[in-house]
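K.L.:
Would you mind keeping the following structure in view while I ask a few things?
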Amino acid sequence: MAIYLATSVGGPQLPDPIVPDATSSDDALDILKSFLTGTAMITAPNTALPVGEQWFVEDDDTTSVPGERFLYLRGPGLAASDNIYVNIRRFEIPASNVISWQIRGAEGYDSGDTFDTQAGSTDIDTYLTLDNNPTPFWIIANGRRFICIFKVSTIFVALYGGFILPYATSAEFSYPLLVGANTGEVLNVFGTTDYTMGNFYDGPFNASGSLIFKACGSMRSTDGQWRGVGSYSGDDVSARPTFSTGDLNGPVVGWPHDATPGADDAYQMTKNINNSGLPGNESTSVMPFILYSDSPSNQIYGEFDGVFFTPKGDLVTEDTVTIGPDTYLIIQNTYRPTESNVAFLLA
Amino acid sequence: MAKQTVPGTANLEAFIISFLTFAENNAGFAAAQQTFADPVDSRAVYWTSRTTNGLLTYWTFKHDTNAMTVYGDDRVEARMMSVEPTELNYNTSTVGQPFFTFMATWNLSPPFIEHIMYSDGNSVFLVLQVQSNLFAHLCFGNVQKVGDYTGGEFLQGNNFEKAGSITPWRPLVSGPHDSATMIFGGRENRATAGMDETGRNYIRNNISGANDGEDYTPFGASTVATVPNAQGTMPPNNSFGQVNLQQQNYGIGFFDKVQNTSPSLATQRAPLLPVYVYISDLSNDQPQPAGHVPNITSVNIKDLSPKDVVNTDWDVYPLAAKFGDTDIFTVSENWGVAYRNIP
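Just so you know, the sequences run in chain order G and Z.
Heads up, the first sequence is in my numbering, so the first residue is 136 and it goes up one at a time.
Heads up, the second sequence is in my numbering, so the first residue is 686 and it goes up one at a time.
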């Protein structure tokens, strides 16, 4: 039995906050669309997606629901051999000051279906909380996945849409699609500062019985079922809730987090890793987020593509670090400047 | 990258002589020296050396047979030193590792089946096949450092324990291994006196700047180190009790968890998990990234057999034995290690 340890690849990106900033959540969607489809005006040091990795727009629907917009994207993979369906809904709830995107993965696209009823669509709710003020953001993309990081005021929210790097062949895990953002709560706003906020690599999930119905992300598993992604229970009222174990259908956990009660302690440990390095050494390290599940048992899926854990140490959000030939953008998790960071591989 | 298999290993001294030649030919170590006998037992001490980044380090190896209560009585005794080894300083703690590193062979009599040696030009990874399904591991070299601190040299060996002065050997996965050492893993030993009580694994890190025994950081898993060195671990968890190649069951650790979760029931695949090295700081006890050791990984071998080749060029071994009689040796169940064999 062969074993495969994936290695993340970066990809073309907009490494600097886009100038001018996205002026609204709708403008941000325009920018993402133009970048993924190769129509954006790219200036150095930004780089464009190669033609063969550019995404297709199945539809950009601004009329079917007043005040909302639905962008249906299809990624070609790295060799134009895949069809990766990621759908984004932009909406607002003025009474609650909500300005958000909702993200869903699907197995296909049909113009006769709605955002919620696309073939094989996840039914786990995942939202990205935005604003309509100027918002710097970064896009890192290839033909398999795209990642967006938004600096909404002082909050950093992130979006992941596309394939992970599976520990499997394409025959064994044919459609390793993961979509993630920063909350499962539709009424959350970007300024929400509690346990219901957390980017997809370290965020909450909520379950009812054995089913996860909202989470910071969802992943289509090896059996074709969608599983919630989450590192802690969003039902708990404590600041850093621990996991709820049991017969949940998931969640998919991103190591170094741990699906065991008390695992927040382990998280605390990683948080406490000092990144300032050994004496005379101001270096850091990054580690892959390894996606696995204990329920059902013995499920180990793969890694995020281009997203890495890095200890907090002396790093602050928006730092960039270079390790060998790779450059990483360091971002805090939503509103939490004192906890561990995540590193996005830029190039 | 080099791999060499030597069949019919007569004894541990022959093993030492063999791998020192291999290290010289493939990893830039100095020609093996044998200049003195250990004044404790008159056994021959072999040593090699290498300078990396301006730092000269010596590695010593000896076939040791001094009796130990809960460990094997027959082993490779090894040590990194900061000065050239002599019969006068060999047992002096301040010029190198405060404790020896051991690779033990469960009191089993040679000849051994064979030994397999790997090198990427930087490190040397050694596997001694003691019996058909039983393996011992030893490795030394340099980590791929994070940053430019002085040090990075390592010496790691497996030394397992018995439940008492007699057998059985404690099962690796479920047994209370308080002081077993394993390559890039295991428990940070609690020996408090003498250099040969239980053995430890080390990474060199010039913390004190004095080029003395405090510059050797023990690898392991205890919250409180009993020597004034900082403590190496990789990567740590909440209790400092876990390390990367987590062969024990001390609770939940990083790679312990993902290795326990593999292989996937859906794909039967298990990841090759890389070795990250962390060293804690004396001042605040915070682990800091120290490096990565390429071409060696941990792996769950539930669906694999010893010497299987996976992912094109990775050779798989149990940490000890996947199954067997604990009255004779340690059973490590599904905890495995893989070495990369690039022609």
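Quick reminder that beta carbons are idealized off the backbone N, C-alpha and C, glycines included.
(1) Taking the continuous beta strand (DSSP E) assigned at G/F285, which residues delimit it?
(2) Just the C-alpha distance for G/D161 and G/T457, rounded to the nearest angstrom, thanks.
(3) DSSP three-state call for Z/D749: helix, strand or coil?
(4) Beta-carbon of Z/R954 versus every beta-carbon of chain G: anything under 8 Å?
(5) Use the C-beta contact count for G/N468: other C-beta atoms within 10 angstroms, 16 or more gives buried, fewer gives exposed.
(6) In the DSSP output, which residue or residues are listed as bridge partners for Z/V780?
(7) Leaving out the 5 sequence neighbours to the left and right, which residues in its chain are closer than 6 Å to G/G212 when beta-carbon positions are compared?
(8) Figure out for me which residue from G/F285, G/T289, G/T445 and G/T455 has the closest Cα to the Cα of G/A157.
(9) Report yes if the CB atom of Z/P903 is closer than 8 Å to the CB atom of Z/N890, and no otherwise.
(10) Can you say whether G/Q237 is buried or exposed, counting buried as having 16 or more other CB atoms within 10 angstroms of its CB?
(11) Would you check if there are 3 or more beta carbon pairs closer than 8 Å linking the stretch 801 to 819 of chain Z to the stretch 942 to 952 of chain Z?
(12) Excluding the five sequence neighbours on either side, which residues of its own chain have a C-beta within less than 8 Å of the C-beta of G/L265, listed in chain order?
(13) Applying the 10 Å Cβ sphere with the 16-neighbour rule, what's the burial state of Z/Y1024?
(14) Identify whether G/D162 lies in helix, strand or coil by the three-state DSSP scheme.
(15) Less than 8 Å between CB atoms is the rule here; does G/N268 satisfy it with respect to chain Z?
(16) Compare the C-beta of Z/A910 against all C-beta atoms of chain G and say whether one is closer than 8 Å.
(17) Under a three-way DSSP split, which group does G/F250 fall into?
(18) So what does DSSP say about G/V477, is it helix, strand or coil?
(19) Following the continuous alpha helix (DSSP H) through Z/S804, name the residue where it begins and the one where it ends.
(20) Whole angstroms are fine: how far does the CA of G/L206 sit from the CA of G/Y262?
(21) Can you tell me which residues form a DSSP beta bridge with G/D454?
(22) Give the range of the alpha helix (DSSP H) segment to which Z/T706 is assigned.
(23) Which residues in chain G sit within 8 Å of Z/T946, going by Cβ to Cβ distance?
(24) Use the C-beta contact count for G/D217: other C-beta atoms within 10 angstroms, 16 or more gives buried, fewer gives exposed.
(25) If you draw a straight line from the alpha carbon of G/F348 to that of G/V321, how long is it in whole angstroms?
(26) Could you give the distance in angstroms between the alpha-carbon of G/D165 and the alpha-carbon of G/S366?
(27) What are the complete beta strand (DSSP E) segments, minimum 3 residues, inside the stretch 165 to 201 of chain G?
(28) Are the beta-carbon atoms of Z/K1007 and Z/N844 separated by less than 8 Å?
(29) What's the call for G/S169, buried or exposed, on a 16-neighbour Cβ count within 10 Å?
(30) Rounded to whole angstroms, how far is the Cβ of G/F335 from the Cβ of G/Y295, which I believe are closer than 8 Å?
(31) When you compare each of G/S428, G/P301 and G/Y310 to G/F439 by their alpha carbons, which one comes out closest?
(32) Is DSSP giving Z/Q944 helix, strand or coil here?
(33) Does G/Y302 come within less than 8 Å of chain Z when only Cβ atoms are used?
(34) Short of 6 Å in beta carbon distance, which residues of its chain neighbour G/T197, apart from the five on each side in sequence? Order them along the chain.
(35) How would you write the range of the beta strand (DSSP E) that G/Q467 sits in, first residue to last?
(36) Interface residues of chain G around Z/L811 at Cβ under 8 Å?
P.N.:
Considering the structure as presented:
(1) Counting from 1 along the first sequence, the entry for residue 285 of chain G is found at position 150. Where G/F285 is concerned, the enclosing beta strand (DSSP E) stretches over R280 to V287.
(2) One-based indexing of the first sequence puts residue 161 of chain G at position 26. One-based indexing of the first sequence puts residue 457 of chain G at position 322. Their Cα atoms are separated by approximately 33 Å.
(3) Counted from its first residue, the second sequence places residue 749 of chain Z at position 64. Strand.
(4) By 1-based counting over the second sequence, the position of residue 954 of chain Z is 269. Closer than 8 Å: yes.
(5) If you number the first sequence from 1, residue 468 of chain G lands on position 333. It counts as buried.
(6) Position 95 of the second sequence, counted from the start, is the residue given in the question as residue 780 of chain Z. For Z/V780, which the question treats as bridged, DSSP gives no partner whatsoever.
(7) If you number the first sequence from 1, residue 212 of chain G lands on position 77. Once the five neighbours on either side are set aside, the close Cβ partners of G/G212 are G278 and R279.
(8) Numbered from its first residue, the first sequence carries residue 157 of chain G at position 22. G/A157 has its Cα closest to that of G/F285, out of G/F285, G/T289, G/T445 and G/T455.
(9) Working through the second sequence from its first residue, we reach residue 903 of chain Z at position 218. Working through the second sequence from its first residue, we reach residue 890 of chain Z at position 205. No, the pair does not count as a contact, with Cβ atoms beyond the cut-off.
(10) Translated into positions along the first sequence, residue 237 of chain G becomes position 102. By the neighbour-count rule (16 or more Cβ atoms within 10 Å), G/Q237 is buried.
(11) no
(12) Position 130 of the first sequence holds residue 265 of chain G. These residues qualify, in order along the chain: S160, A163, I234, S235, W236, F285, V287, V292 and F325.
(13) Indexing the second sequence from 1 puts residue 1024 of chain Z at position 339. Buried.
(14) For the purposes of this step, residue 162 of chain G is taken as the residue at position 27 of the first sequence. Of the three classes helix, strand and coil, the one that applies to G/D162 here is helix, per DSSP.
(15) Within the first sequence, numbered from 1, the residue matching residue 268 of chain G stands at position 133. It does not: the Cβ of G/N268 has no partner Cβ on chain Z nearer than 8 Å.
(16) Taking the first residue of the second sequence as position 1, residue 910 of chain Z is located at position 225. Any reading at Z/A910 needs caution, since the residue's pLDDT is 32, under 50, leaving its predicted position unreliable; the model's value is listed next. Cβ-Cβ to chain G under 8 Å: no for Z/A910.
(17) Counting from one through the first sequence, the residue named residue 250 of chain G turns up at place 115. It is coil, neither helix nor strand.
(18) Position 342 of the first sequence, counted from the start, is the residue given in the question as residue 477 of chain G. G/V477: strand per DSSP, three-state reduction.
(19) Within the second sequence, numbered from 1, the residue matching residue 804 of chain Z stands at position 119. Element bounds for Z/S804: not the alpha helix (DSSP H) but the beta strand (DSSP E), F797 to S804.
(20) Sequence index remark: in the first sequence, residue 262 of chain G carries index 127 (1-based). Sequence index remark: in the first sequence, residue 206 of chain G carries index 71 (1-based). Approximately 14 Å, taken between the alpha carbons.
(21) In the first sequence, the residue the question calls residue 454 of chain G occupies position 319. Note: G/D454 sits in no beta bridge, so no partner.
(22) As a working mapping, residue 706 of chain Z is identified with position 21 in the second sequence. Where Z/T706 is concerned, the enclosing alpha helix (DSSP H) stretches over L697 to A712.
(23) Locating residue 946 of chain Z in the second sequence gives position 261, where the first residue counts as 1. Correct list: Y427, S428, D429, S432, N433, Q434 and I435.
(24) Taking the first sequence and counting its residues from 1, one reaches residue 217 of chain G at position 82. Buried, since its Cβ has 16 or more Cβ neighbours within 10 Å.
(25) Here the question's residue 348 of chain G lines up with position 213 in the first sequence. Here the question's residue 321 of chain G lines up with position 186 in the first sequence. Going by the C-alpha atoms only, they are around 12 Å apart.
(26) Along the first sequence, one-based indexing puts residue 165 of chain G at 30. Along the first sequence, one-based indexing puts residue 366 of chain G at 231. Rounded to whole angstroms, G/D165 to G/S366 spans 31 Å at the Cα level.
(27) 191 to 196
(28) Translated into the one-based positions of the second sequence, residue 1007 of chain Z becomes position 322. Translated into the one-based positions of the second sequence, residue 844 of chain Z becomes position 159. No.
(29) Translated into positions along the first sequence, residue 169 of chain G becomes position 34. G/S169 should be labelled exposed.
(30) Within the first sequence, numbered from 1, the residue matching residue 335 of chain G stands at position 200. Within the first sequence, numbered from 1, the residue matching residue 295 of chain G stands at position 160. The pair is a contact, with the Cβ atoms about 5 Å apart (cut-off 8 Å).
(31) For this step, residue 439 of chain G is matched to residue 304 along the first sequence. Answer by Cα proximity: G/P301.
(32) Looking up residue 944 of chain Z in the second sequence gives position 259. Residue state, collapsed to three classes: helix.
(33) If you number the first sequence from 1, residue 302 of chain G lands on position 167. So yes, G/Y302 belongs to the interface.
(34) Taking the first sequence and counting its residues from 1, one reaches residue 197 of chain G at position 62. Excluding residues within five positions, the ones whose Cβ falls inside 6 Å are R204.
(35) The residue labelled residue 467 of chain G in the question sits at position 332 within the first sequence. Element bounds for G/Q467: n/a, residue is neither H nor E.
(36) As a first step, residue 811 of chain Z is located in the second sequence; it is residue number 126 there, counting from the start. Those do not exist, as Z/L811 stays about 22 Å from chain G at its closest Cβ, beyond 8 Å.
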